[in-house]
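Heads up: the sequence shown at position 124 corresponds to 124 in the UniProt record's numbering, and the numbers run straight through without jumps.
C-beta: ideal position from N, C-alpha, C; glycine also.
These numbers were taken from a predicted model, which means no experiment stands behind them.
See structure below.
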Amino acid sequence: MISLRSTPARKTAAVVCARCISSSPRTFTNQCRRSIAKLPSPTTPRPTHLRTSLPSTRTYATKSSADSLIEHIQDQYATAKDEFEIATEETEKKSVYGADDRVAAREELNRLKQMYDDAVEGESGEEVKRRVGARIRELDNAVQALERSAHED
1 MISLRSTPAR KTAAVVCARC ISSSPRTFTN QCRRSIAKLP SPTTPRPTHL
51 RTSLPSTRTY ATKSSADSLI EHIQDQYATA KDEFEIATEE TEKKSVYGAD
101 DRVAAREELN RLKQMYDDAV EGESGEEVKR RVGARIRELD NAVQALERSA
151 HED
């Protein structure tokens, strides 16, 4: 190993360290002298106050029927939103594809609304309404506003 310190400086540091160690009231060794408390062996019975009754099988949280419905609705929502964004870009550019993209956005939104309506009629309708209803209404209003702005131009 290369040291940037001069040779006398290196020797001085070693002497100082040796003096500190020798003047210390503690003894320094390479071995650990701490005693480790003996841990109970696996065969040692646990005290009764530490015993807990755990179920023999662990149960994990399972998806509810609303979770799977919402997952499908969210996938369709992502598709509908992508179509809406494409339609918005094309409409703002006043491109020839704008009308077709608005139709595609409306079709995807209609599919989404149908999935949502079917889910709301089911047994977990309230949860579905609470979790995704506002986003669907927001997207519906945005598509309607896009269609109105396109007809005004």
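Check, Outcome
"Quick one, which of GLU126, GLN144, GLU71, LYS93 has its alpha-carbon nearest ALA105's?", "GLN144"
"Check for me: the alpha helix (DSSP H) holding SER149 runs from which residue to which?", "125-152"
"Beta carbon of SER64, beta carbon of SER149: below 8 Å?", "no"
"Quick one: residues in its chain with C-beta nearer than 8 Å to the C-beta of LYS113, no 5 flanking neighbours on either side, listed in chain order?", "ILE136, ASP140"
"Under a Cβ-count criterion, where at least 16 other Cβ atoms within 10 Å of its own Cβ denotes burial, should THR62 be classed as buried or exposed?", "exposed"
"Drop a sphere of 10 angstroms on the beta-carbon of GLY122, count the other beta-carbons inside from all chains shown, and report buried for 16 or more, exposed for fewer.", "exposed"
"Evaluate ARG130 with the Cβ neighbour count: other Cβ atoms within 10 Å of its Cβ, from every protein chain shown; 16 or more gives buried, anything less gives exposed.", "exposed"
"If you measure between the beta carbons of ARG111 and ALA87, is that distance less than 8 Å?", "no"
"Measuring CA to CA, which of GLY98, GLY133, ASP67 is closest to GLU147?", "GLY98"
"Under the assumption that GLU108 contacts GLU92 (Cβ atoms under 8 Å), give the Cβ distance between them as a whole number of angstroms.", "Actually they do not touch by this definition, with Cβ atoms about 19 Å apart."
"Can you give me the C-alpha to C-alpha distance between GLN74 and VAL132, rounded to a whole angstrom?", "8 Å"
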